[in-house]
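Participant:
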Amino acid sequence: MKQADLRTQIHDLAGAKAALRSALALRSEDVVALRKLADISLEDEDWRGAAEVLIRIARIRKEREELRWVFFTLGDIYDRHMPDPRRAEAAYLRVLKLFPRDLPAMERLAALYEGQKVHDKAAEVLEELSKAEVDPERNRAHRLRLAALYEAAGDARKTEATLEEARRNAATDLVVVRELADFYQRQNATNALAMHLRRAVNDFRHAIESDLGDAAAWPGLIEVLRWGNQTDAAAVAASAAQALGIVDVELAKLVDARGGAEGTGQRAATDMLDELLAPPLLNAPTRAVFGIAGEALEKALPLDLNAYRAEKIQRRDTTIRPLAVEVARWFGIPDVELYVTAAAPRVCVPVYSNPCTILFGTELLSMTDDREKMFVVARALKIAKAQLSIVVRAQPSEVVALLGGLVHSYDPHHMPPGVDPAHVEEAARRVTKNVQRRGRDELGPLVFEMAGRPGYDPAQLAMAASQWGNRVALIASGSAPAAVTALAKLSGERDLPADPTARIAMVQRFAEAAQLLRFAISDVHFDARQRLRGGPGA
Numbered sequence: 001m002k003q004a005d006l007r008t009q010i011h012d013l014a015g016a017k018a019a020l021r022s023a024l025a026l027r028s029e030d031v032v033a034l035r036k037l038a039d040i041s042l043e044d045e046d047w048r049g050a051a052e053v054l055i056r057i058a059r060i061r062k063e064r065e066e067l068r069w070v071f072f073t074l075g076d077i078y079d080r081h082m083p084d085p086r087r088a089e090a091a092y093l094r095v096l097k098l099f100p101r102d103l104p105a106m107e108r109l110a111a112l113y114e115g116q117k118v119h120d121k122a123a124e125v126l127e128e129l130s131k132a133e134v135d136p137e138r139n140r141a142h143r144l145r146l147a148a149l150y151e152a153a154g155d156a157r158k159t160e161a162t163l164e165e166a167r168r169n170a171a172t173d174l175v176v177v178r179e180l181a182d183f184y185q186r187q188n189a190t191n192a193l194a195m196h197l198r199r200a201v202n203d204f205r206h207a208i209e210s211d212l213g214d215a216a217a218w219p220g221l222i223e224v225l226r227w228g229n230q231t232d233a234a235a236v237a238a239s240a241a242q243a244l245g246i247v248d249v250e251l252a253k254l255v256d257a258r259g260g261a262e263g264t265g266q267r268a269a270t271d272m273l274d275e276l277l278a279p280p281l282l283n284a285p286t287r288a289v290f291g292i293a294g295e296a297l298e299k300a301l302p303l304d305l306n307a308y309r310a311e312k313i314q315r316r317d318t319t320i321r322p323l324a325v326e327v328a329r330w331f332g333i334p335d336v337e338l339y340v341t342a343a344a345p346r347v348c349v350p351v352y353s354n355p356c357t358i359l360f361g362t363e364l365l366s367m368t369d370d371r372e373k374m375f376v377v378a379r380a381l382k383i384a385k386a387q388l389s390i391v392v393r394a395q396p397s398e399v400v401a402l403l404g405g406l407v408h409s410y411d412p413h414h415m416p417p418g419v420d421p422a423h424v425e426e427a428a429r430r431v432t433k434n435v436q437r438r439g440r441d442e443l444g445p446l447v448f449e450m451a452g453r454p455g456y457d458p459a460q461l462a463m464a465a466s467q468w469g470n471r472v473a474l475i476a477s478g479s480a481p482a483a484v485t486a487l488a489k490l491s492g493e494r495d496l497p498a499d500p501t502a503r504i505a506m507v508q509r510f511a512e513a514a515q516l517l518r519f520a521i522s523d524v525h526f527d528a529r530q531r532l533r534g535g536p537g538a
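Just so you know, the sequence shown maps onto residues 1 to 538 in the numbering used here.
1) Nearest-angstrom Cα distance between A110 and V31?
2) Helix, strand or coil: which one does DSSP assign to T341?
3) Could you say which of A344, T368, L305 lies nearest to E337 if we only look at CA atoms?
4) Just verifying my parser: in three-state terms, what is the DSSP assignment at K62?
5) So what does V349 bridge to, in DSSP terms?
6) How many Å lie between R108 and V247 at the Cα?
7) Taking L149 and H119 to be in contact with their CB atoms under 8 Å, please state how far apart those CB atoms are, rounded to whole angstroms.
8) Please name the residue, chosen from E179, A152, W468, that lies closest to L163 on a Cα-to-Cα basis.
9) For A296, I'd like the list of residues in its chain whose CB is within less than 6 Å of its CB, leaving aside the five on either flank, ordered along the chain.
10) Looking at the secondary structure, which residues open and close the alpha helix (DSSP H) in which Q530 lies?
11) Using only alpha-carbon positions, find the residue among G404, N283, F448, A486 that is nearest to A378.
12) Where does E295 sit, in a helix, a strand or coil, going by DSSP?
13) Under 9 Å between C-beta atoms, does P500 make it to chain B?
14) Below 8 Å, how does it come out for the stretch 387–394 and the stretch 459–474: are there three or more Cβ pairs, yes or no?
15) Apart from the five residues just before and just after R140, which ones in its own chain have a Cβ nearer than 7 Å to its Cβ?
16) Going by CA-CA distance only, name the one from E262, I521, M463 that's closest to S477.
17) Which class does K97 belong to by DSSP, given the choice of helix, strand or coil?
18) Where does F519 sit, in a helix, a strand or coil, going by DSSP?
19) Compare the beta carbon distance of T270 and E311 with 9 Å and say whether it is the shorter of the two.
20) Using alpha carbons as the reference points, say which of I77, P280, T190 lies closest to D457.
21) To the nearest angstrom, report how far apart P345 and D495 are at their CA atoms.
22) Using C-beta distances below 7 Å, list every residue in its chain close to G291, excluding the 5 sequence neighbours before and after it, in chain order.
23) Cα separation between R440 and A293?
24) Applying the 10 Å Cβ sphere with the 16-neighbour rule, what's the burial state of I60?
25) Using a Cβ distance threshold of 8 Å, determine whether the stretch 516–533 contacts the stretch 250–260, with at least three qualifying pairs required.
26) By the DSSP assignment, the alpha helix (DSSP H) with R178 in it spans what residues?
27) Just the C-alpha distance for A328 and K158, rounded to the nearest angstrom, thanks.
28) Tell me which residue opens and which closes the alpha helix (DSSP H) that L496 is part of.
29) State the Cα-Cα distance for the pair A284 and E275, rounded to the nearest angstrom.
30) Report yes or no: do three or more beta-carbon pairs, one from the stretch 446–455 and one from the stretch 401–411, lie closer than 8 Å?
31) Can you tell me the Cβ-Cβ gap for A464 and V484, rounded? I've got them flagged as a contact below 8 Å.
32) Is it true that the CB of L98 sits closer than 9 Å to the CB of E133?
33) Excluding the 5 residues flanking Q515 on each side, which residues of the same chain have their C-beta closer than 7 Å to its C-beta?
34) Which residue from H525, S41, I55 puts its Cα closest to that of Q29?
35) From D499 to G265, what does the alpha carbon distance come to, in whole angstroms?
36) Whole angstroms is fine: what's the gap from S130's alpha carbon to A122's?
Given below as structure tokens:
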């Protein structure tokens, strides 16, 4: 034995084996000698000699762990070095008899059966592997191999079921999503493919909604959209990813150098999209109420621009007026009055819809680029066009009292909770005074329907109006980076951080920006752009 150790140290493997055989001639069941001889034979690639020694060990040893090593090693020898499929199978099965959930043995046995084209046995082992394997990537590999076996055998039902199970285990695993899509294509199952891709888009969308910074979900969403020939949707989703600082070479190919998709410009100003784009709080009755009574509500709660030391922007101005006039034309607004103030340096707010009047902060004008300016202007003008200027420039408590007064003017028993009745009665008097007589009868049923809708909350109208304006402005500009940066600047930030983690954290602090990015990847956004651009995948 000592001689064997010495010869092993000088790498005289043949001499070491001869010494160990001499020792075993004296004591044939010396386990230490047998183990050393097996190890040296394996190192020397003496497969036949190693197999003989391993079989001798198996006859005299009873420890399960040791027998597991013996039979697995025998399986490896007969599988890869001295091909004998029958013996390899027997050895791996002995391992599984000792340890039924031995994953390496199951993997080797499945591969052995696959190599021998024994597909039914390979499928049985892969099914067990799929149940036992906890590593996600290995589990996926087993299920995909199993699906391939079923498809080769012509069993489409089992193929689909296996791939579907893999998808359920990892809904946003792009490899699995692609395999199932390819299977449906091979089967010419057009409807199933379309449904699968829609479901995959929703799965990736949910992952992003749960975590805006999910760097894997963004490329996954965009890739699936491209598989479904939704090239425009893929571009606007890529723009949203760019807004968060998510860098990807393939995504960058879908947007321009500044991260924007193609905007729809003037087409976004159409009122044909109002029902699609308006938030639930701005339902049809509510929009109709403001369409009729918006001017009266403004007169009932006037704003003194002198209190803001606001100065009128002259017609010869070139910094903002040409853009504002052009975007106003999109919305059918013939003239727009523009004011600037240093008292509220970061605003771009429509203070009146009649006539359309926009108040800008001096600092905002100096710190925004052309795309950001276009976003905030389109946002403000959409709000003004919808006669909602009053809700974004007044305090929420004032809006509650004002609308409470409007409802009270038709129903004297109506009194919004938490509001001084005297304020409501005064608001009712002022609103009634300013509502045109010919519109009063038309307004009544709409007011009752507005106030009777579930979720009616006048205090939230400013947020709903801003959300609506944001959506229209994003569709017009096409640039999510410009939209998010503009909203951050409106909220007091200088700019977005370059670091993606810091940028995502900042965006999540601003509910308005986070909501807009979720809208950017929604079916509502995709549908709106498709309608404006004229066809599927446009």
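Don't be surprised by glycine CBs; every beta carbon is placed ideally from N, CA and C. Note that the structure is predicted; figures quoted are calculated from it, not measured.
Facilitator: Here's the rundown:
1) Distance between the alpha carbons of A110 and V31: 32 Å.
2) Correct three-state label for T341: strand.
3) Taking only the C-alpha atoms, the option nearest E337 is L305.
4) In the three-state reduction of the DSSP assignment, K62 falls in the coil class.
5) L359.
6) One alpha carbon belongs to R108, the other to V247, and they sit about 40 Å apart.
7) About 5 Å separates the Cβ atoms of L149 and H119, confirming a contact at the 8 Å cut-off.
8) Of all alpha-carbon atoms in E179, A152, W468, the one lying nearest the alpha-carbon of L163 is that of E179.
9) By the criterion of a C-beta distance shorter than 6 Å, A296 is surrounded in its chain by V431, N434, V435, once the five residues flanking it on both sides are discounted.
10) That run of the alpha helix (DSSP H) goes 523–533.
11) Of the candidates G404, N283, F448, A486, the one whose C-alpha sits nearest the C-alpha of A378 is A486.
12) Helix at E295.
13) This model lacks chain B altogether, as it is built from one protein chain only.
14) Yes, the stretch 387–394 touches the stretch 459–474.
15) The answer, listed in chain order, is A166, A170, D173, V175, V176.
16) That would be E262, whose Cα lies nearest to the Cα of S477.
17) K97 falls in the helix class under three-state DSSP.
18) In the three-state reduction of the DSSP assignment, F519 falls in the helix class, which pools H, G and I.
19) No, they are not a contact pair.
20) Of the candidates I77, P280, T190, P280 places its Cα closest to the Cα of D457.
21) Roughly 15 Å between the two C-alpha positions.
22) Cβ neighbours of G291 beyond the five flanking positions: Q387.
23) A direct Cα-Cα distance of roughly 9 Å separates R440 from A293.
24) Result: exposed.
25) Taking a contact to require three or more Cβ pairs closer than 8 Å, the stretch 516–533 and the stretch 250–260 do not qualify as touching.
26) Start and end: 174–186.
27) The C-alpha of A328 lies about 59 Å from the C-alpha of K158.
28) Careful: L496 lies outside any alpha helix (DSSP H) and carries neither H nor E.
29) Rounded to the nearest angstrom, the two C-alpha atoms are 7 Å apart.
30) Segments in contact, yes.
31) Between V484 and A464 the Cβ distance is about 19 Å, and since that is not below 8 Å, they are no contact.
32) In this structure, L98 does not lie closer than 9 Å to E133 by Cβ.
33) Cβ neighbours of Q515 beyond the five flanking positions: Q467.
34) It should be noted that the sequence gives Glu, not Gln, for residue 29. Its Cα nearest to that of E29, the residue I55 stands out among H525, S41, I55.
35) Approximately 31 Å, taken between the alpha carbons.
36) Distance between the alpha carbons of S130 and A122 is about 12 Å.
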